[in-house]
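Under the working numbering, residue 333 is the last one in the sequence shown; the count climbs by one each step, no gaps.
A short worksheet on the structure shown next.
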Amino acid sequence: MFLDRFIQYIKFEKRYSPHTVSAYRSDLDQFMNFIQDPGQPITHPQEVTHHQIRNWMVELMNEGFTSTTINRKVATLRKYFKFLVQEGVIAINPTSKIITPKIAKHLPVVVEDARLTQMLDNGEVFSDDFRGTRDKLIIEMLFGTGMRLSELLGVKDADINLYEGTVKVLGKRNKERIIPINQELLNLLLKYNELKKSENFSNNSLALIVTDKGANAYPKLIYLTVHKYLSHISTQNKKSPHVLRHTFATSLLNAGADLNAIKELLGHANLSATQIYTHNSVERLKSIYKLAHPKA
38 MFLDRFIQYI KFEKRYSPHT VSAYRSDLDQ FMNFIQDPGQ PITHPQEVTH HQIRNWMVEL
98 MNEGFTSTTI NRKVATLRKY FKFLVQEGVI AINPTSKIIT PKIAKHLPVV VEDARLTQML
158 DNGEVFSDDF RGTRDKLIIE MLFGTGMRLS ELLGVKDADI NLYEGTVKVL GKRNKERIIP
218 INQELLNLLL KYNELKKSEN FSNNSLALIV TDKGANAYPK LIYLTVHKYL SHISTQNKKS
278 PHVLRHTFAT SLLNAGADLN AIKELLGHAN LSATQIYTHN SVERLKSIYK LAHPKA
């Protein structure tokens, strides 16, 4: 009952995305299943203790979950119990005594933009039919705008302004932003739209990216498409859509773009989330220094 109230709260009042709501529900269900004792079932949230939360964190560590994932799951619990305190359901938040594990800082994984551009310009990599054009559009949209996978799935045909050269994106917390589109991507969009019309799909989806049968694209389709084509130019293990987002931001920063402008393009809520890309630029400068400076 209380869990359902919380889900309704984040879904309709906080207006979290369906993906975020699903993740919150999954985390909370996982925790509730862990603490349930058949001999002494928990019937009210006030019975949950910080000891149980710590035991769950230890269990997650033993199962091989990363610190990042554990912190995210604990953050879900914090929000849930904070909601219950605000609603007067419980008096004390059991997560207040919880210290989460430190997260090792990792630089964003990127691909070499020159090799990526070369692949996109290679006429032999992508076929000229609908599927090949759509696949190329997926890569070009992610690399050319820096949008998230979920944001690309949410883009509709009507969100593309061909005259102004922009795309309207609905990001986290339902925050809209406008991202400019380069001329090459605009030309590709025109070609894709013509091919999509010629397919005469029966369901008339409003989404920009659709499947081979004209239905709304789904996350796995985008992921597999990106993984397939990044395998042509990268040997690193991570070949996800987010790698293209990282590459977009890093390329802009290396070219001298203002950090605040990159923040707006990415849809970050604060500058600290964008500053991680400066580390990639520092590493690049170090490598250049080592190669070029006589004292290096």
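We put the CB at the ideal spot given by N, CA and C, even for glycine.
In this text the structure is predicted, and so the values were computed from the model without any measurement.
Looking only at DSSP bridge pairs, what is residue i linked to?
i	result
asparagine 253	Val247
asparagine 198	Thr203
Take residue i as the anchor and find which of the options has the nearest alpha-carbon.
i	options	result
aspartate 196	Ala294, Val204 and Ala329	Val204
isoleucine 215	Leu227, Asp165, Lys300 and Ala294	Lys300
lysine 250	Leu232, Gln123 and Glu124	Leu232
leucine 258	Asn230, Ala329, Asn211 and Lys173	Lys173
histidine 81	Ser242, Phe118, Val162 and Val146	Phe118
alanine 294	Ser309, Thr315 and Ala60	Thr315
lysine 134	Pro145, Asn198 and Ala112	Ala112
isoleucine 90	Leu65, Leu308 and Leu40	Leu65
serine 59	Lys110, Ile72, Gly181 and Ala244	Lys110
glycine 181	Ile218, Gly169 and Leu227	Ile218
valine 192	Ala254, Ser63 and Asn108	Ala254
serine 54	Val280, Asn211 and Leu40	Asn211
isoleucine 129	Ala151, Lys116, Ser235 and Lys139	Lys116
glutamine 220	Glu213, Tyr200 and Asn108	Tyr200
leucine 144	Thr287, Asp150, Leu227 and Asn307	Thr287
lysine 228	Arg171, Val247 and Gly183	Arg171
glutamine 155	Lys139, His269, Thr105 and Val247	His269
glutamine 73	Thr57, Arg62, Trp93 and Tyr61	Trp93
Could you tell me whether the Cβ atoms of residue i and residue j are closer together than 8 Å?
i	j	result
arginine 282	arginine 185	yes
isoleucine 176	tyrosine 260	no
isoleucine 121	threonine 284	Contrary to the premise, residue 121 reads as leucine rather than isoleucine in this sequence. No.
proline 256	leucine 179	no
glycine 304	valine 147	no
phenylalanine 68	glutamate 96	no
leucine 302	glutamine 312	no
glycine 208	glutamate 188	yes
threonine 137	leucine 114	no
asparagine 237	alanine 252	no
isoleucine 127	glutamine 83	yes
serine 104	lysine 48	no
leucine 245	aspartate 194	yes
Would you identify the three-state DSSP class for residue i, choosing helix, strand or coil?
i	result
serine 133	helix
alanine 128	coil
asparagine 92	helix
leucine 144	coil
methionine 156	helix
asparagine 241	coil
glutamate 84	helix
lysine 110	helix
leucine 103	Rather than leucine, the amino acid found at residue 103 in this sequence is threonine. Residue state, collapsed to three classes: coil.
valine 162	coil
histidine 269	coil
isoleucine 259	helix
lysine 139	coil
Would the beta-carbon of residue i be found less than 7 Å away from any heavy atom of the ligand ADP?
i	result
phenylalanine 118	In terms of ligand content, the structure shown is empty, and the ligand ADP therefore cannot be addressed.
Point to revise | Ordered list of beta strand (DSSP E) runs contained in the region 273-326, each at least 3 residues | key: none
- Task: Would you mind listing the beta strand (DSSP E) stretches within the region 170-239 that are 3+ residues and don't spill past its ends, in chain order?
- Result: 203-207 and 213-217
request  = Within the region 38-73, note down every full alpha helix (DSSP H) run reaching 4 residues or more, in order along the chain.
outcome  = 39-45 and 55-72
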